[in-house]
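Under my numbering, think of the first position of the sequence shown as 56, with each following residue one higher.
The beta carbon of each residue, even a glycine, is placed where N, CA and C say it ideally should be.
Since this is a predicted model, take the numbers as computed values, not measurements.
I have placed the structure first, in the form of structure tokens, so that the comments after it can refer back to it.
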Amino acid sequence: MGEFVRVETAEGIATIRLDRPKMNALNRQVQEEIAACARQVDADPGVHAVVLYGGERVFAAGADIKEMADMSYADMAAHSAVLQDCFTAVAEIGKPVIAAVTGYALGGGCELALCADIRIAGESAKLGQPEILLGIIPGAGGTQRLPRLVGPARAKDLIFTGRHVPAAEALQIGLVDRVVPDADVYTEALAYAATFAGGPALALRAAKQAVDRGLEVDLNSGLEIERLQFSALFATEDAKIGMRAFAEKSQAKFTGR
Numbered sequence: 056m057g058e059f060v061r062v063e064t065a066e067g068i069a070t071i072r073l074d075r076p077k078m079n080a081l082n083r084q085v086q087e088e089i090a091a092c093a094r095q096v097d098a099d100p101g102v103h104a105v106v107l108y109g110g111e112r113v114f115a116a117g118a119d120i121k122e123m124a125d126m127s128y129a130d131m132a133a134h135s136a137v138l139q140d141c142f143t144a145v146a147e148i149g150k151p152v153i154a155a156v157t158g159y160a161l162g163g164g165c166e167l168a169l170c171a172d173i174r175i176a177g178e179s180a181k182l183g184q185p186e187i188l189l190g191i192i193p194g195a196g197g198t199q200r201l202p203r204l205v206g207p208a209r210a211k212d213l214i215f216t217g218r219h220v221p222a223a224e225a226l227q228i229g230l231v232d233r234v235v236p237d238a239d240v241y242t243e244a245l246a247y248a249a250t251f252a253g254g255p256a257l258a259l260r261a262a263k264q265a266v267d268r269g270l271e272v273d274l275n276s277g278l279e280i281e282r283l284q285f286s287a288l289f290a291t292e293d294a295k296i297g298m299r300a301f302a303e304k305s306q307a308k309f310t311g312r
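Shown next as structure tokens:
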């Protein structure tokens, strides 16, 4: 349990909750606490899905500019590796991760949302990568994860202009996956996460790794990643349970083994 980031777990769903008033600015301490929470939920066999949430008013308005303003090249060369590692810890959670986006998700906040598998946004949410307006570029994965999600041309538009993208447009371009009333964002994220509780944890992890790793390589290499993950699941108890339940027309009760 960190000072600004905590894990709340109920019924197999973990919420990684950012709570640094007023805007959840992502200073180094918050970044490190996010990474610690990500590793905690990844290692917890009782957690089947994860929700990233910044509260009712804001997801995260980006990095702490005051902290960065006086950094030299040498300072940031060292810190940027830590920054990326912290966000990568979220992206590598081997379970479904849903970002519940309220208010602003800008700069590092948008990059944190990009680390999730699914993004559910409120109607008044705004996302974007405004770093260019500070004379810099995204440094926590925005130049890499954003084009993989929305395509290079749309990503360049957002990164070059630094503009804020309203929820409706974010849905249209694939930056978010669902838009709901602001008051319903967290409950919708929890409801979606609940569909994975009691599910085949090993197969979900394998599916996520196959998709994510496959996007990094050519098609033939990706197919080999898929083949190995697919074959390996036949050594699991869950695969036997699932297939037996199908044959018996009963509900599978997976064990995560």
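Check	Outcome
Close Cβ partners of C170 (< 6 Å) along its chain, the five nearest in sequence each way excluded	F142, V145 and A146
Residue(s) in a DSSP beta bridge with Y241	Partner(s): none; Y241 has no beta bridge.
8 Å contact criterion, which V105 and V152 should meet: CB distance rounded	5 Å
Cβ-Cβ distance between A238 and V231 below 8 Å	no
Neighbourhood of K150 by C-beta distance below 8 Å, restricted to the same chain and skipping five residues each side	V96, D97, V102, H103, A104, V105, F251, A256, L259, R260 and K263
Where T70 sits in the DSSP three-state scheme	strand
Contacting residues, own chain, Cβ-Cβ under 8 Å from R312 (five flanking each side not counted)	L257, T291, E292 and D293
Three-state secondary structure (DSSP) of E63	strand
Distance CB(G183)-CB(H219) smaller than 8 Å	yes
Where F309 falls, given that 16 or more other Cβ within 10 Å makes a residue buried	buried
Outcome for N275 when other beta-carbon atoms lying within 10 angstroms are tallied against a minimum of 16	exposed
Beta-carbon proximity check, L204 vs G164, cutoff 8 Å	no
Best match in A265, E303 and I296 for proximity to F285 [C-alpha to C-alpha]	A265
Length of the line joining the Cα atoms of F59 and V85	6 Å
Burial state of F114, where buried means 16 or more other Cβ atoms lie within 10 Å	buried
Inside the region 223-299 only - beta strand (DSSP E) runs reaching at least 3 residues	233-235
E279 versus R174: straight-line alpha-carbon distance, rounded	28 Å
Among R233, E271 and L245, nearest to I68 - alpha-carbon criterion	L245
C-beta atoms of Q139 and A195 nearer than 8 Å	yes
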